[in-house]
Amino acid sequence: MGIETTRADRKVNKELREFPKATNTTSKSKPRKSRRRQKKTSPVQKLFQTCKEVFANGGTGTVPSHEDIERLRAVLDKMKPEDVGLSPDMLCLRPQGARRTPEITYFQLYESEKFSMGIFCLPPSGVIPLHNHPGMTVFSKLLFGTMHINSYDWVVDGPSYTSADLNPSEITVDPAARLAKVKVDSDFTAPCNTSILYPADGGNMHCFTAVTACAVLDVLGPPYSEPDDRHCTYYLEFPFTSFSVDGVSVPEEEREGYAWLQEREIKPEDVSVVRARYRGPEIVDK
C-alpha cells in the first residue's frame with residue numbers, strides 16, 4: 001500500500017555465563033567453556049535489519065535481487081499483530097457510525113531515504129483510494145481482518161483517451177485516461193502471504209477496501225519523496241466499455257480485465273488518514 005507521509009526522525013545486551021570445570025574424576029576433564037546468552041531479537045527488529053540490508057543500495061526504480069525479495073518476504077510472512085503491538089479490538093478499528101468516510105490510522109515504524117515501514121489500520125468500510133508507487137518496490141502484509149484489493153498495471157504502449165464526453169463532475173485534471181490491465185481484484189483474509197508490487201508490474205496502482213476491521217504492514221523501498229519525484233498520484237477508474245478507441249480491441253469476455261485510469265490532481269477529499277504514535281516493540285537502528 002502506502003500513502004505519502006512526511007519523514008520522521010530516526011532512531012543485545014550480552015551476558016557472559018561461565019560453566020564450571022567438570023569434577024568427575026572418572027571421566028576425561030572437559031575444557032572450560034564460555035557461552036554467551038544473547039537477548040532474542042524481536043520479529044520487528046529482525047524485519048528492520050532485513051530491510052536495511054535488502055534496500056542498502058536501493059533507489060528509484062531499483063528492484064532488489066530475487067534472493068533478497070524472498071528473504072524479506074519470508075520475514076514478513078511470519079509477522080503477527082502482537083509483533084507490532086496491535087490487536088483487532090483497538091479503538092481506531094471500531095465502526096465509525098454515520099461518518100461518511102471512516103478514518104484510517106497510520107503508525108510509522110521507521111523511515112529513511114532507503115525504505116520505510118508503517119502500519120495502516122482500517123475500520124470496516126475504510127478505503128485507501130487507487131494510487132501509485134512510482135519507482136518503488138512495495139511489500140504489504142495483512143496482519144488481521146479481511147481486505148479487498150484492486151490493483152492495476154499500465155498496458156505497455158497502451159493508448160490514452162481524451163474526450164469531452166467524460167462526466168464533468170468527475171474531472172479534476174486533464175481528461176486523459178490510460179489503459180490499464182487488472183492485476184488483482186479479490187478479497188484477502190489474514191493469515192495470508194505477503195503481496196509484492198514492483199515499479200512497472202505486480203499491481204503498482206492499487207486500492208484497499210476494508211471488508212472487516214483490518215491492519216496491513218507496509219514496507220516501501222524507497223519511500224515516497226517529492227524531491228526525488230516519487231510523489232503519490234491518485235486515479236479515477238472507468239470501465240473499459242466507457243470509451244471506444246480506434247485500434248483497441250479486447251474480446252468481450254476479457255473486457256472486465258481492463259479499465260481506463262485518469263489522474264486526479266489532488267488527494268481525494270474523502271480520504272482521512274491520521275498519524276498515531278507507534279507503541280509496539282522498540283526498533284533499534286544499529
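Quick note, in full-length UniProt numbering, the sequence shown goes up one by one and the last residue is 286.
Every residue, glycine too, gets a C-beta built ideally from N, C-alpha and C.
No experiment lies behind these values; they were computed from the predicted model shown.
Which residues in the same chain as residue i place their Cβ atom closer than 7 Å to its Cβ, once the five residues preceding and following it in sequence are excluded?
i	result
Pro239	Ala259
Ser125	Pro102, Ala210
Lys267	Tyr234
Cys192	Leu142
Val75	Lys46, Leu47, Thr50
Asp165	For Asp165, the predicted model reports a pLDDT of 45, less than 50, meaning its position is unreliable; a value from the coordinates is still stated below. The answer is none, since no qualifying residue turns up.
Gly59	Pro222
Ile283	Val44, Gln45, Phe48, Leu109, Tyr110
Glu226	none
Asp68	Val54
Between which residues of its own chain and residue i is the CB-CB distance below 6 Å, once the five residues before and five after are set aside?
i	result
Ser42	Pro281
Thr137	Val63, Tyr198, Gly221
Pro134	Arg230
Ser151	Lys183, Val184, Gly203, His206
Leu86	Ala215
Ala200	none
Gly61	Gly135, Pro199
Arg279	Gly85
What distance in whole Å lies between the Cβ atoms of residue j and residue i, which are believed to be in contact at a cut-off of 8 Å?
i	j	result
Leu143	Leu72	No, Leu143 and Leu72 are not in contact; Cβ-Cβ is about 16 Å, not under 8 Å.
Gln108	Gly118	5 Å
Ile149	Phe120	Ile149 to Phe120, Cβ: 13 Å. No contact.
Tyr234	Leu130	6 Å
Val84	Val127	The Cβ separation is near 22 Å, so there is no contact.
Among the options, which residue has its Cα nearest to the Cα of residue i?
i	options	result
Met147	Pro134, Glu111, Ser186	Ser186
Glu256	Pro123, Glu237, Ala56	Glu237
Pro88	Glu226, Ala210, Arg264	Ala210
Ser140	Arg279, Ser116, Met90	Ser116
Met90	Gly145, Glu53, Lys78, Asn132	Gly145
Thr105	Ser272, Ile283, Arg279	Ser272
His66	Asn132, Pro95, Thr60, Ile196	Ile196
Ala190	Lys52, Lys80, Asp68	Lys80
Phe55	Glu82, Ala177, Val219	Val219
Ala176	Leu261, Val156, Arg279, Phe208	Leu261
Glu70	Glu53, Glu82, Phe208	Glu53
Phe208	Arg279, Pro95, Asn57, Asn132	Asn132
Considering only their Cβ atoms, is the gap separating residue j from residue i smaller than 8 Å?
i	j	result
Ala213	Leu93	yes
Val274	Glu103	yes
Asp153	Lys114	no
Lys77	Thr241	First, the residue type needs correcting, since residue 77 is Asp and not Lys in the sequence shown. No.
Arg100	Asp270	yes
Only counting the same chain, and skipping five residues up and downstream in sequence, which positions put a Cβ closer than 8 Å to that of residue i?
i	result
Arg277	Phe107
Thr26	Any reading at Thr26 needs caution, since the residue's pLDDT is 44, under 50, leaving its predicted position unreliable; the model's value is listed next. Once the five neighbours on either side are set aside, Thr26 has no close Cβ partner at all.
Of all the CB atoms in chain B, is at least one closer than 8 Å to the CB of residue i?
i	result
Phe55	Of the protein chains in this structure there is only one, and it is not chain B.
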